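So the number in our numbering is just where the residue sits in the sequence shown, counting from 1, plus 16. Below is one structure, written out as structure tokens, with a few remarks after it.
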Amino acid sequence: MLSGKQMRYLRSLAHKIDPTFHVGKGGMNGNMTKQINEILKNHELVKIHILQNNFDDKNDLAQELASATQSELVQVIGSMIVLYKEVENNKEITLP
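In structure tokens:
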């Protein structure tokens with residue numbers, strides 16, 4: 017579980033990155049979860065854009081993605097979801 021200070025730090029880092037994944041009208045599936053896991057292994061912090069043609073509840077979708085990828089939900093703002101997953105090797109982010 018991340019502290020408030022850690023969440024703020026991760027949000028500030030996420031502000032500078034572009035979305036690396038887009039979720040459309042098809043919603044979430046197993047292949048998408050696998051791809052997001054691979055991205056998390058390489059980058060630790062991922063920004064996901066929910067497209068306008070997706071009518072799922074964004075908060076529910078964010079919770080599903082976080083639990084499916086065993087990552088921490090950092091933020092849901094507008095149509096963006098930010099996920100964080102700590103990795104042991106190739107660690108890029110040092111939390112305060």
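All residues carry an ideal CB built from backbone N, CA and C; glycine is no exception. These numbers were taken from a predicted model, which means no experiment stands behind them.
Task: Those runs of the alpha helix (DSSP H) which lie wholly inside the region 29-65 and span at least 4 residues - done: 46-59
Open item on the list: Using only CA atoms, which one of Pro35, Val62, Met48, Gly94 lies nearest to glutamate 102?
Closed with: Numbered from 1 along the sequence shown, position 86 holds the residue referred to as residue 102. Nearest of Pro35, Val62, Met48, Gly94 to glutamate 102, Cα basis: Val62.
- [ ] Mind checking who methionine 96 pairs with in its DSSP beta bridge?
- [x] Indexing the sequence shown from 1 puts residue 96 at position 80. Looking at the DSSP assignment, methionine 96 forms a beta bridge with His65, Ile93.
Task: Residue range of the unbroken alpha helix (DSSP H) whose run includes threonine 85 - done: In the sequence shown, the residue the question calls residue 85 occupies position 69. It spans 74-85 - the alpha helix (DSSP H) in which threonine 85 sits, taken as one unbroken run.
Open item on the list: Less than 7 angstroms between C-beta atoms, sequence neighbours within five positions excluded: which residues of the same chain meet that for alanine 82?
Closed with: Position 66 of the sequence shown holds residue 82. If we look at alanine 82 and ignore the five residues flanking it on each side, its Cβ neighbours are Glu88, Leu89, Leu99.
- [ ] May I have the straight-line CA-CA distance separating glutamate 108 from lysine 41, to the nearest angstrom?
- [x] Within the sequence shown, residue 108 is the residue found at index 92, counting from 1. Within the sequence shown, residue 41 is the residue found at index 25, counting from 1. Computed Cα separation, rounded: 33 angstroms.
Task: Reference serine 95, options Thr49, Glu104, Thr110, Asp34, closest by Cα - done: By 1-based counting over the sequence shown, the position of residue 95 is 79. Considering only alpha carbons, the answer is Asp34.
Open item on the list: Between histidine 38 and leucine 67, how many whole angstroms is the CB-CB distance? I'm expecting something under 8 angstroms.
Closed with: The count along the sequence shown starts at 1 and reaches residue 38 at position 22. The count along the sequence shown starts at 1 and reaches residue 67 at position 51. Right, the Cβ-Cβ distance comes to about 6 angstroms (below 8 angstroms), so this counts as a contact.
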